[in-house]
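Protein chains in written order, with our numbering: chain A, 1 to 253; chain B, 1 to 253.
A virtual CB, placed ideally from N, CA and C, is assigned to each residue, including glycine.
Read the structure below first, then the notes.
Number of protein chains: 2
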Amino acid sequence: MLSKSKIKQIKSLEYKKFRDELGLFVAEGEKLVGEILKSDIEVVDLFRFADSNLPKHNIREEIISENEMKRISFLKTTSAAFIVAKIPHKTLNINEINKSLNIVLDNIQDPGNLGTIMRLCDWFGIQNIICSHETADCFSPKVVQATMGAICRVNVFYVDLNDFFNSLDKNICIYGTFLDGENIYNTQLSVQGLVIMGNEGKGISQTTEKFVTKKLFIPCFSTNAAKPESLNVSVATAIICSEFKRWALVVGR
Amino acid sequence: MLSKSKIKQIKSLEYKKFRDELGLFVAEGEKLVGEILKSDIEVVDLFRFADSNLPKHNIREEIISENEMKRISFLKTTSAAFIVAKIPHKTLNINEINKSLNIVLDNIQDPGNLGTIMRLCDWFGIQNIICSHETADCFSPKVVQATMGAICRVNVFYVDLNDFFNSLDKNICIYGTFLDGENIYNTQLSVQGLVIMGNEGKGISQTTEKFVTKKLFIPCFSTNAAKPESLNVSVATAIICSEFKRWALVVGR
């Protein structure tokens, strides 16, 4: 039986202020909960239906009713499993960043975009995402759900981007997409480096732009008189990650 | 002053049944409304705030208040312009399909995915999207908003996919993504053909799979023990469109 104070605590985790205070986040759905149970994330509470399907685990669990699940769920359609877990604290390793391909998010606002970008970084083997403090929080319930499990595998760091860029190796390649950039399909890319993706409406900020060493552009192939203005940021990130990894696979090594 | 019956008619356009009956759809936001006003889509009603910013047009317009806009809007945050427009009727030209690159959607359910796919087809110069009857309706308010204007430029046809595939040239390439497909980055692609994208949960249906002449796969680069299972369908479509267009640009011609 869920206590009123427990329900209140769980619902408060919708807000960053309370997630930070309590150091906790939530995740729902048998698949996602199953992935978190198998990961090294520390689970605090596990609520599930009697007939739910979860991998073996050592977490104390509580069987709850559908009505109880409705009271804690953040989803329109409730699922059979729900967890409260500790927000993992990871340390940004600049040496590791200098030696790999990484994504930098400059003020991404939409939780769905952030979740999708984490999921595709997971797919493309990109371990680290470095975000400006203004970027959406990766432990908000909407982002966690949109990651489809990538929250267990991709590291997200929130930093002052100015300080971060200043701490990097001086000869590292820093890419950003701009309307006056080089056609990405005809450009010499690199196996290591950072790719900056800008805000949904405003793109890359001026303070961040000054760190870019190579401007890229995904060419528009439309032959219509009225041309589209832009691509959605998660779609653009997907195309860029794909092109960097294809380049490394086919050209770079 | 908006009449009650007009508000009721507009709100009914959330549902396909009424859109089909009335032959109408809605769009909101100065930018999107502006694009539709400049396109050949026939606008029936134009509602806007006195201070809204729209291109020149010959449509009879009605200035409405913020409260009235709230009563007709489908968005959480209302905008300064709203139109009701006629659903354009376009005819599928099989000859044109045989000679170009096209996307086939086999039961895409999420309106956001459909809107994003239309937007990226617009970017990549893909004029025609052929959908199974079970795919989300491109004139639903959510899809129209997600297209960001691509609704004016990309043609979407709803067909019986069996009949459609049977009507095509026998030697046309029909691609689909499968877990046992060829690595897309190492594969000979083509300038013309069709690329099938499957349902969010189930992928390409068995009845559609039998028409596929080449199976493709976007390789996963994750080195984690626990690997991601899949990419979101709009992200996968973006990567595939990008790769076909890059191939045509760099290799194919």
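Approximately 5 Å separates the beta-carbon atoms of G176 (chain B) and I204 (chain B); this is inside 8 Å, confirming the contact. At least one C-beta of chain A is nearer than 8 Å to the C-beta of S222 (chain B).
Rounded to the nearest whole angstrom, the CA to CA distance from H89 (chain B) to W123 (chain A) is 40 Å.
For D122 (chain B), at least one C-beta of chain A is nearer than 8 Å to its own C-beta.
Residue contact check for V233 (chain B) against chain A: no CB pair falls below 8 Å. C-alpha of N155 (chain B) to C-alpha of T223 (chain B): approximately 40 Å in a straight line. The shortest C-alpha to C-alpha distance from I130 (chain A) to any of A:T78, A:V26 and A:L105 is the one to A:L105.
Taking V43 (chain A) as the centre and dropping the five residues before and after it, the same chain places the C-beta of I59, I83 and A85 closer than 6 Å to its C-beta, in chain order.
Note: G176 (chain B) is bridge-paired with B:I196 and B:K215 in the DSSP secondary-structure output.
About 38 Å separates the beta carbons of V250 (chain B) and Y158 (chain A), which is beyond the 8 Å limit, so they are not a contact pair. Among the residues facing chain A, G176 (chain B) is not included, as its CB has no counterpart in that chain under 8 Å away. Within the model, the alpha-carbon separation for N98 (chain B) versus C173 (chain B) is close to 9 Å. N183 (chain A) is classed as exposed because its beta carbon has fewer than 16 other beta carbons within 10 Å across all chains shown. By DSSP's assignment, A27 (chain A) forms a beta bridge with A:I83. The closest CA to that of T237 (chain A), considering only A:L13, A:T208 and A:I103, is found on A:I103. L75 (chain A) has a beta carbon lying at 8 Å or more from every beta carbon in chain B. In the three-state scheme derived from DSSP, where H, G and I count as helix and E and B as strand, I204 (chain B) is classed as coil.
Each residue's CA atom was taken as its position, placing D45 (chain A) and L37 (chain A) some 11 Å apart.
In the structure shown, C131 (chain B) falls within a strand segment according to DSSP collapsed to helix, strand and coil.
Secondary structure note for E66 (chain B): its alpha helix (DSSP H) is the uninterrupted segment E66 to I72. Just measuring C-alpha positions, the residue of B:K70, B:R48 and B:A150 sitting nearest I63 (chain B) is B:R48. In the displayed model, F18 (chain B) falls within a helix according to three-state DSSP. Only buried fits A136 (chain A), as 16 or more other CB atoms lie within 10 angstroms of its CB. Excluding the 5 residues flanking it on each side, N107 (chain A) has same chain C-beta neighbours closer than 8 Å at S132, E134, T135, G198, N199, K202 and S205, in chain order. Around the beta carbon of K245 (chain B), 16 or more other beta carbons lie within 10 angstroms, which makes this residue buried. Straight across, the Cα-Cα distance linking C152 (chain B) with I41 (chain B) is about 7 Å. In terms of Cβ geometry, G193 (chain B) and L101 (chain B) form a close pair [threshold 8 Å]. Annotation: I103 (chain B) is outside any alpha helix (DSSP H); the continuous beta strand (DSSP E) that includes it extends over L101 to D106. DSSP places I240 (chain B) in the uninterrupted alpha helix (DSSP H) bounded by V233 to W247. Using beta-carbon distances, K215 (chain B) does not count as an interface residue toward chain A, since no partner is under 8 Å. A residue is called buried when at least 16 other Cβ atoms come within 10 angstroms of its Cβ; P228 (chain B) meets this threshold and is buried. Listed by position along chain A, the residues whose Cβ is nearer than 7 Å to that of G198 (chain B) form an empty set, because the closest Cβ is around 17 Å away. For V144 (chain B), the enclosing alpha helix (DSSP H) covers residues P141 to A146.
Under the 10 Å beta carbon count, L179 (chain B) is surrounded by fewer than 16 other beta carbons and is classified as exposed. What I239 (chain A) touches in chain B, judged by beta-carbon distance under 8 Å, is A238, I239 and S242, going in chain order. F164 (chain B): not part of any beta strand (DSSP E); member of the alpha helix (DSSP H) spanning L161 to S167, first to last residue.
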